[in-house]
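*Asks:*
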Amino acid sequence: MRVTAATIEEVGAPLRVEELEIDDPRPGEARVRIVASGVCHTDAIAQEGDFPYPFPGVLGHEGAGIVEAVGDGVRNVAVGDAVVIGWPWCGECRNCREGQPRYCMQIGPLVGRGTREDGSTALRRPDGSPVHSHFFGQSSFATYSIVDAKVLVKLPEGFPVETAGPLACGLATGAGAVWNNVRPEVGSSLVVYGTGAVGLAAVMAAVNSGATTIIAVDRHESRLQLARELGATDTINVNEADPVQAVQEICGGHADYSLECTGNVKVLRQAADSVGLRGRCVIIGGAPAGAEFTLDHMSTLWGKTVAGVLGGEGTSDRLIGALARLHLTGRFPYDRLVARFRLDEVNDAMARSAAGDVLKPILVMEH
Ligand SMILES: NC(=O)c1ccc[n+]([C@@H]2O[C@H](COP(=O)([O-])OP(=O)(O)OC[C@H]3O[C@@H](n4cnc5c(N)ncnc54)[C@H](O)[C@@H]3O)[C@@H](O)[C@H]2O)c1
Ligand SMILES: [Zn+2]
Ligand SMILES: [Zn+2]
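Note that the numbering used here numbers the sequence shown so that position 210 is 197, with each residue one more than the last.
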């Protein structure tokens, strides 16, 4: 059937809206009518060629919509269900079987291969030439998406589908890193470097935890203002103060935990230096391919942990389900981050996100 999609032809090229053909669902697959898709910084990283994905292809990995058709053997969702498309996972490797699907040993091909396992794409041009699909298993910058049905997460009754997509990646990543990895103790201090969508989700998750000092760091005053409104107890503008020193002043010493949500390795060093003896620094931001970082040996030796966290860890069902329910009760007000665009405004949405004008763009599809 016909689908409208924003395709990218080659590294660095702008996205272009065109009509493509999409497959019918095969066994185990579902076709989702995308209501809206969030735009994540990782889409821009892929556009710039710093995330391996073959072109021409369709980006987008924060899709939400309605299940329109299912293939044989699909039992976890039914036609008409409102769903978020979660991160892909194979279900068979050691990490999937041990309940850590974010670290699926097939995650590289599943997010970046651009095809199904058998090498087929779900999308093609009217002349029959294939267009890569399955970006993060979904390629949601399109009106429809073919997905592995087991990654779908059903939304609670009454949840607004249009704004649900960002729960799949950016918001789940920031919030899940706090709840599943940091697990702040009662009375602990936590500093979040970078208050984009990921960092602000970490702030909102920390507010729903026992952490009592929640410090947000950014270079945009408007984002720090929003961080305060969302529950940050302190903010640091890096244009005005050295953040490592400012953290020391706020906490009366090092912070217990830090989260790097900018993707800049210089900031990662600041995040690592913000925690001390037995402190934990969590790396979330995606830096350009091949980036390296250094640490101070002595202060790391003193029981410090520096850990990478993918997708907020845990499982999509539990994490997205929790975020959706907290949102419905006003405890995760992420809708304050969302700005709506049309699919044909995708380049503008990405540019405005990069410029810092917009926190979480969503592309609302017209059907
Ligand atoms: N690990 C994962 O699984 C995962 C998942 C999703 C996104 N990411 C990555 O997380 C990062 C954040 O994503 P986002 O959508 O929130 O991006 P974003 O661009 O909206 O946010 C980044 C924020 O960092 C701030 N910043 C930049 N330089 C800074 C500096 N020197 N000091 C302090 N703040 C600074 C920016 O002003 C911005 O507010 C990206 O790198 C993205 O690729 C990782
Ligand atoms: Zn993402
Ligand atoms: Zn797996």
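No residue lacks a Cβ here, since even glycine has one placed at the ideal position from N, Cα and C.
1. Per the contact definition of three or more C-beta pairs closer than 8 Å, is the segment 42 to 60 in contact with the segment 287 to 305?
2. Excluding the 5 residues preceding and the 5 following Lys137 in the sequence, name in chain order all residues of the same chain whose CB lies nearer than 7 Å to its CB.
3. Can you give me the C-alpha to C-alpha distance between Phe280 and Met(-12), rounded to a whole angstrom?
4. By the three-class DSSP mapping on this structure, what secondary structure does Lys141 have?
5. Decide if the segment -11 to 0 is in contact with the segment 126 to 134; the criterion is three or more beta carbon pairs, one per stretch, under 8 Å apart.
6. Under 7 Å: does the beta carbon of Gly301 sit that close to some heavy atom of ligand 3?
7. Nearest by alpha-carbon distance to Phe146: which of Arg215, Gln93, Glu353, Ala309 is it?
8. According to the Cβ coordinates, are Asn167 and Leu313 closer than 8 Å?
9. Mind checking Arg267: buried by the 16 CB within 10 Å criterion, or exposed?
10. Rounded to the nearest angstrom, what separates Ser261 and Gly(-1) at their Cα positions?
11. Comparing alpha-carbon positions, which option in Gln257, Lys141, Pro153, Thr200 lies nearest Asp283?
12. Would Leu217 and Ala198 be called neighbours here (beta carbons separated by less than 8 Å)?
13. Closest to Leu213 by C-alpha separation, out of Glu85, Pro143, Ala184, would be which residue?
14. Taking the CB atoms as reference points, tell me whether Ala155 and Ala188 lie closer together than 8 Å.
15. Keeping to the same chain, check which residues put their C-beta closer than 8 Å to that of Thr108; ignore five residues upstream and five downstream.
16. Pull up the CB-CB distance for Gly239 and Gly263, whole angstroms please, since I reckon it's below 8 Å.
*Replies:* Answer, in terms of the structure:
1. Judged by Cβ distances under 8 Å, the segment 287 to 305 makes no contact with the segment 42 to 60, as fewer than three pairs qualify.
2. So the qualifying residues of the chain are Asn63, Gly78.
3. Inter-residue distance for Phe280 and Met(-12) is about 47 Å (C-alpha atoms, whole angstroms).
4. Correct three-state label for Lys141: strand.
5. Yes: the two stretches touch, three or more of their Cβ pairs being nearer than 8 Å.
6. Not so, every heavy atom of ligand 3 lies at least 7 Å from the Cβ.
7. The candidate whose alpha carbon is nearest that of Phe146 is Ala309.
8. Their beta carbons are not under 8 Å apart, which means Asn167 does not touch Leu313 by this criterion.
9. Buried, by the Cβ-count rule.
10. C-alpha separation (whole angstroms): 35 Å.
11. When only C-alpha atoms are compared, the closest one is Gln257.
12. No. Outside cutoff.
13. The shortest Cα separation from Leu213 among Glu85, Pro143, Ala184 belongs to Ala184.
14. Between Ala155 and Ala188, the gap from beta carbon to beta carbon reaches 8 Å or more.
15. Within the same chain, Gly101, Thr102, Pro117, Val118, His119, Ser120, His121 come within 8 Å of Thr108 by CB-CB distance, once the 5 residues on both sides are set aside.
16. By a beta-carbon distance limit of 8 Å, Gly239 does not contact Gly263. Their separation comes to about 12 Å.
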